[in-house]
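Written below as structure tokens is the structure these notes are about.
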Amino acid sequence: MSHGRPPRRVRFVPTPHTMNLVVRQVTRLTAYELGQVLSPIEASMTALREGVASEIDWQMLASAVELALAVEDKGVIRGMRGHLEAAERALHGIKLRAMASGEWIPTPLYYQELDDVKAAVELHRFQLEQLSSAEATKALDLATGRVRAAGGRVIERDRSTA
62 MSHGRPPRRV RFVPTPHTMN LVVRQVTRLT AYELGQVLSP IEASMTALRE
112 GVASEIDWQM LASAVELALA VEDKGVIRGM RGHLEAAERA LHGIKLRAMA
162 SGEWIPTPLY YQELDDVKAA VELHRFQLEQ LSSAEATKAL DLATGRVRAA
212 GGRVIERDRS TA
């Protein structure tokens, strides 16, 4: 019973820790953080282009495309879906050829596959340059959930960089 009195209001007083957290979430990724995220993707792209990509390189690129699609779906940056889905199809075709023997054997790419995956990596770089830390984390959570829901394997890494 309230006995006719209005409910007590809890007053929020921001602390320096709270303010740091807010600032961290609304700021864009730093050059260092972008490098931490993008350097393994670019190394995997180089290996794929040269026809020496391992299955882990393929997984890195497939993860980047999945994350880029999640950013698209979050609505922060839109208009890239067609390119990203083309890259997803290209990566699927590459995997089918590489796993034809039952184990991963690097395979050369068709020009269109190379163009599609390269475009997706460039678009993903652009996306990451525009996102705040909080937006990047939300997109990563969405992409991780999708992979798990589809029965895929998620490899956890330090999430302090995105």
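Using our numbering, the first residue of the sequence shown is number 62, and each one after it goes up by one. All C-beta atoms in this analysis are idealised placements derived from N, C-alpha and C, irrespective of residue type, glycine included. Quantities reported herein were computed from a predicted structural model and do not represent experimental measurements.
Exposed unless 16 or more other CB atoms sit within 10 angstroms - verdict on residue i
| i | result |
| --- | --- |
| Gln173 | exposed |
| Ser105 | buried |
| Glu127 | buried |
| Leu122 | buried |
| Ala148 | buried |
| Ala197 | buried |
| Val182 | buried |
N- and C-terminal bounds of the alpha helix (DSSP H) containing residue i
| i | result |
| --- | --- |
| Met121 | 116–135 |
| Thr198 | 194–210 |
| Ser162 | First-last for Ser162: undefined, no H or E at that position. |
| Ile102 | 92–111 |
| Leu175 | 172–191 |
Residue i vs residue j beta-carbon contact at 7 Å
| i | j | result |
| --- | --- | --- |
| Ala151 | Asp118 | no |
| Ala26 | Leu145 | Any property of residue 26 remains undetermined from this structure, which presents the chain solely from 62 to 223. |
| Trp248 | Glu111 | This structure does not reach residue 248, given that the chain is present from 62 up to 223, and the question cannot be answered. |
| Gln191 | Ile155 | no |
| Ala114 | Pro167 | yes |
Candidates the options: closest to residue i by CA position
| i | options | result |
| --- | --- | --- |
| Arg201 | Val132, Ser115, Gln191 | Reading the sequence as shown, one finds Leu at residue 201 and not Arg. For the residues Val132, Ser115, Gln191, the minimum Cα distance to Leu201 belongs to Val132. |
| Asp134 | Gly212, Ser124, Ala204 | Ala204 |
| Ile102 | Gly206, Leu184, Gly143 | Leu184 |
| Val98 | Ser193, Leu189, Ala147 | Leu189 |
| Gly96 | Glu149, Gly206, Ala211, Arg186 | Arg186 |
| Ala92 | Ala125, Ser194, Pro67 | Ser194 |
| Leu170 | Arg142, Met141, Arg158, Val208 | Arg158 |
| Val208 | Leu90, Met160, Gln120 | Gln120 |
| Thr107 | Pro67, Glu94, Leu175 | Leu175 |
Contact test: residue i Cβ vs the ligand GDP heavy atom, cutoff 6 Å
| i | result |
| --- | --- |
| Leu201 | Among the components of this structure there are no ligands whatsoever, and the ligand GDP is therefore not found. |
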